[in-house]
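Chemist: In the numbering used here, the protein residues as written are 1 to 560.
For every residue, glycine included, the Cβ atom is placed at its ideal position computed from N, Cα and C.
Please read all numbers here as calculations on a predicted model, not as lab measurements.
If you scroll down you'll find the structure; I have some questions about it.
Below, the structure is given as structure tokens:
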């Protein structure tokens, strides 16, 4: 017997094939190219219906994970007999799981069975009585939605995708507002150039343009809701003696439209920032308490999701965002970076010098702990108590490293009562009067001044001593380096000289041995030489030459 296991949105279908070796057929596509051929080849042996949508989702997840559910196991046991049967399964993982059950089945799950399943799925309504094509499509659609929701684990409070999009939009808005503000100041600066130097805030600048219009209206306009009194006076006095050119109504209309855009974008940016804060407190309250909304959101956005960030070790969280510097350092074999996005956290900002790296490491370790609690804890913690606790520990560590108390502290005791305002007191005008200062108070002030001067002098002296020590140390190190270098050079020179001398000696020895050999060869040649007889004629010629030479010498002497 040969069976084919088919999973549908309605339930499990076990189809019995009339041909035992249908899956081995080489002409499978031609044999199953119509509903009549498929219906004649396969008959339904058993069908296990899903009771509800939740049951269908549960069974589908089991199949996706490659597990055999109790419902499927029951169906297979009912159909198996004493005689061994063949079962064709589409998923290899599921086939392995069924094989482990120890049923009397020969399992087949390979590429050849794909064409078989393609034909069965195409003509499935004809094989299942009581189910139409429309019913199956509706069931499939509902089941696919359920699986999608299950995979996303949809929850209004736990959607970290919103954070990723919100922080990206916030960064884009900051850039846009900055570009628009620069353009607005440059544009309106032709008419009122002095305003940009007095009012530096872009939103306030834009609101002034909207309210004032042309600078001649400055004296009639009240800026009390935009600027403080002192700056308002400065703006009005600058408008009186401004060096700007005149502009037309059309120019002013376009500049005002741009200013309106800046104000609207700024208002939306503030709204988006509040939304991001509320989302971060809902999704990662402990991380928010430890690092802040922006840094936490940027870390989540960089990792892709809260779960991905929670899975990362503390060392990865520490350098997240500095990948370019990290790979450059690894390539050039230099020191790797100490921090990435975590550098912008307030606690790292409070540290000085070398302590920044240490605090970044401690903060990354605690942030990793807070992240795992936020992402994977069974009980929700909306107050961020763990984040507050670990932040206080990091602050303690920072104060030990810095040797001073921090300006702000987040130590919160749960048992402390909440601060409540019990009464509203009126403003006391008499408190503005200065008290009489006695001579004793003056003396004490003088003493305190002297003490402060002495403390300052001591600190200066200490700084000077430290500086001198540092300079001495540097000089000593330089001197030692120089001496080492000189010693090394001398050693190298000596080695070179010795090598040269050895080489010269060797060459001399070789030359001497060669010369000696040549001399020995010459002596042997002389010994072996046969004496040559000089002919008489040559002897006579030589004698004549000698006589002539003697005569010449004699003549020279006579002349003298």
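(1) Closest to residue 249 by CA distance: which of 333, 257 and 271 is it?
(2) Would you decide whether residue 179 is buried or exposed? Buried here means 16 or more other CB atoms lie within 10 Å of its CB.
(3) Among 319, 543, 279 and 14, which one has its Cα closest to the Cα of residue 73?
(4) State the DSSP-derived secondary structure class of residue 241, mapped to helix, strand or coil.
(5) Curious, which full-length alpha helix (DSSP H) runs of at least 4 residues does the stretch 188-212 contain?
(6) Assign residue 438 to buried or exposed, taking buried as 16 or more other Cβ atoms, counted over all protein chains shown, within 10 Å of its Cβ.
(7) Please state whether DSSP places residue 11 in a helix, a strand or coil.
(8) With residue 92 and residue 109 assumed to form a contact (beta carbons below 8 Å), what rounded beta-carbon distance in angstroms separates them?
(9) Helix, strand or coil: how does DSSP classify residue 101 here?
(10) Would residue 400 be called buried (16 or more neighbouring beta carbons within 10 Å of its own) or exposed?
(11) Return yes when the Cβ of residue 191 is within less than 8 Å of the Cβ of residue 207, no when it is not.
(12) For the stretch 49-67 against the stretch 133-150, do three or more pairs of beta-carbon atoms, one drawn from each stretch, fall closer than 8 Å, so that the two count as touching?
(13) Determine the DSSP secondary structure at residue 185, reduced to helix, strand or coil.
(14) Ordered along the chain, which non-local residues of its own chain (more than five positions away) have a Cβ less than 7 Å from that of residue 177?
(15) My parser needs the beta strand (DSSP E) runs of 3 or more residues fully inside the stretch 37-112; what are they?
(16) With three or more beta-carbon pairs closer than 8 Å as the criterion, would you say the stretch 158-167 touches the stretch 219-226?
(17) What are the residues that DSSP puts in a beta bridge with residue 16?
(18) Which of the three DSSP states is assigned to residue 339 in this structure?
(19) Go through its chain and collect everything with a Cβ distance to residue 42's Cβ below 8 Å, but skip five positions before and after it.
(20) Going by DSSP in three states, residue 502 sits in which element: helix, strand or coil?
(21) Report yes or no: do three or more beta-carbon pairs, one from the stretch 380-390 and one from the stretch 283-300, lie closer than 8 Å?
(22) So what does DSSP say about residue 265, is it helix, strand or coil?
(23) Would the beta-carbon of residue 375 fall within 8 Å of that of residue 307?
(24) Is residue 292 helix, strand or coil by DSSP?
(25) Expressed to the nearest angstrom, what Euclidean distance is found between the alpha-carbon atoms of residue 157 and residue 310?
(26) Would the beta-carbon of residue 11 fall within 8 Å of that of residue 49?
(27) Are there 16 or more other CB atoms within 10 angstroms of the CB of residue 47, so buried, or fewer, so exposed?
(28) Am I right that residue 344 and residue 394 are in contact with their C-beta atoms under 8 Å? What's the rounded C-beta distance?
(29) How long is the line joining the alpha carbons of residue 396 and residue 160, rounded to whole angstroms?
(30) For residue 284 versus residue 317, is the C-beta spacing smaller than 8 Å?
(31) Would you list, in sequence order, the uninterrupted alpha helix (DSSP H) runs of no fewer than 4 residues that lie entirely inside the stretch 352-392?
(32) List the whole-angstrom C-beta distance separating residue 117 from residue 35, where the pair is believed to meet the contact cut-off of C-beta under 8 Å.
(33) Using the C-alpha atoms, what's the distance from residue 392 back to residue 409?
(34) Relative to the alpha-carbon of residue 104, which residue among 77, 358 and 473 has its alpha-carbon at the smallest distance?
(35) Please classify residue 333: does DSSP put it in a helix, a strand, or coil?
(36) Could you give the residue range of the alpha helix (DSSP H) that holds residue 159?
Modeler: Looking at the atomic coordinates:
(1) To locate residue 249, count along the chain shown from 1; it is residue 249. Of the listed residues, the one whose Cα sits closest to residue 249 is 257.
(2) By 1-based counting over the chain shown, the position of residue 179 is 179. Its Cβ having fewer than 16 others within 10 Å, residue 179 is exposed.
(3) Residue numbering aside, residue 73 sits at position 73 when the chain shown is read from its first letter. For residue 73, the nearest C-alpha among the options comes from 14.
(4) The residue labelled residue 241 in the question sits at position 241 within the chain shown. Residue 241: coil per DSSP, three-state reduction.
(5) 195-198 and 202-212
(6) To locate residue 438, count along the chain shown from 1; it is residue 438. Its pLDDT being 40, under 50, residue 438 is placed unreliably in this model, and the coordinates cannot settle the point.
(7) For the purposes of this step, residue 11 is taken as residue 11 along the chain shown, with counting starting at 1. Strand at residue 11.
(8) Looking up residue 92 in the chain shown gives position 92. Looking up residue 109 in the chain shown gives position 109. The pair is a contact, with the Cβ atoms about 5 Å apart (cut-off 8 Å).
(9) The residue given as residue 101 occupies position 101 in the chain shown. In the structure shown, residue 101 sits in coil (DSSP, three-state: anything other than H, G, I, E or B).
(10) Within the chain shown, the letter at position 400 stands for residue 400. Its Cβ having fewer than 16 others within 10 Å, residue 400 is exposed.
(11) Your numbering for residue 207 matches position 207 in the chain shown. Your numbering for residue 191 matches position 191 in the chain shown. The answer is no: Cβ separation not under 8 Å.
(12) yes
(13) In the chain shown, counting from the first residue as 1, residue 185 sits at position 185. Note: residue 185 maps to helix in three-state DSSP.
(14) As a position in the chain shown, residue 177 is number 177, starting the count at 1. Answer for residue 177: 202, 262, 265, 266 and 269, listed in chain order.
(15) 42-49, 85-88 and 105-108
(16) no
(17) The residue you call residue 16 lines up with position 16 of the chain shown. For residue 16, which the question treats as bridged, DSSP gives the partners 3 and 43.
(18) Indexing the chain shown from 1 puts residue 339 at position 339. Reduced to three states, the DSSP call for residue 339 is coil.
(19) Against the chain shown, residue 42 aligns to sequence position 42. Contacts found: 4, 15, 16, 17, 18, 120 and 127.
(20) By 1-based counting over the chain shown, the position of residue 502 is 502. Helix.
(21) yes
(22) Position 265 of the chain shown holds residue 265. Correct three-state label for residue 265: helix.
(23) Residue mapping note: residue 375 aligns to position 375 of the chain shown, counting from 1. Residue mapping note: residue 307 aligns to position 307 of the chain shown, counting from 1. Cβ atoms of residue 375 and residue 307: closer than 8 Å.
(24) Looking up residue 292 in the chain shown gives position 292. In this structure, residue 292 counts as coil in the three-state DSSP scheme.
(25) Position 157 of the chain shown, counted from the first residue, corresponds to residue 157. Position 310 of the chain shown, counted from the first residue, corresponds to residue 310. Unreliable placement is indicated for residue 157, whose pLDDT of 47 sits below 50; no coordinate value is reported for it.
(26) Stepping through the chain shown from its first residue, residue 11 is reached at position 11. Stepping through the chain shown from its first residue, residue 49 is reached at position 49. Their beta carbons are under 8 Å apart, which means residue 11 touches residue 49 by this criterion.
(27) What you label residue 47 is simply residue 47 of the chain shown in a count that begins at 1. Result: buried.
(28) The sequence position of residue 344 within the chain shown is 344, counting from 1. The sequence position of residue 394 within the chain shown is 394, counting from 1. Their Cβ separation, rounded to whole angstroms, is 15 Å, which puts residue 344 and residue 394 out of contact at 8 Å.
(29) On the chain shown, residue 396 is found 396 positions in, with the first residue counted as 1. On the chain shown, residue 160 is found 160 positions in, with the first residue counted as 1. If I take the Cα positions, the gap works out to 31 Å.
(30) As a working mapping, residue 284 is identified with position 284 in the chain shown. As a working mapping, residue 317 is identified with position 317 in the chain shown. Cβ atoms of residue 284 and residue 317: not closer than 8 Å.
(31) 355-376
(32) As a working mapping, residue 117 is identified with position 117 in the chain shown. As a working mapping, residue 35 is identified with position 35 in the chain shown. Actually they do not touch by this definition, with Cβ atoms about 16 Å apart.
(33) Position 409 of the chain shown holds residue 409. Position 392 of the chain shown holds residue 392. Model confidence at residue 409 stands at a pLDDT of 45, short of 50, so the residue's coordinates are unreliable and nothing is read from them.
(34) Indexing the chain shown from 1 puts residue 104 at position 104. Closest option to residue 104, Cα to Cα, is 77.
(35) Translated into positions along the chain shown, residue 333 becomes position 333. Reduced to three states, the DSSP call for residue 333 is coil.
(36) By one-based count along the chain shown, residue 159 stands at place 159. No alpha helix (DSSP H) holds residue 159; DSSP gives it neither H nor E.
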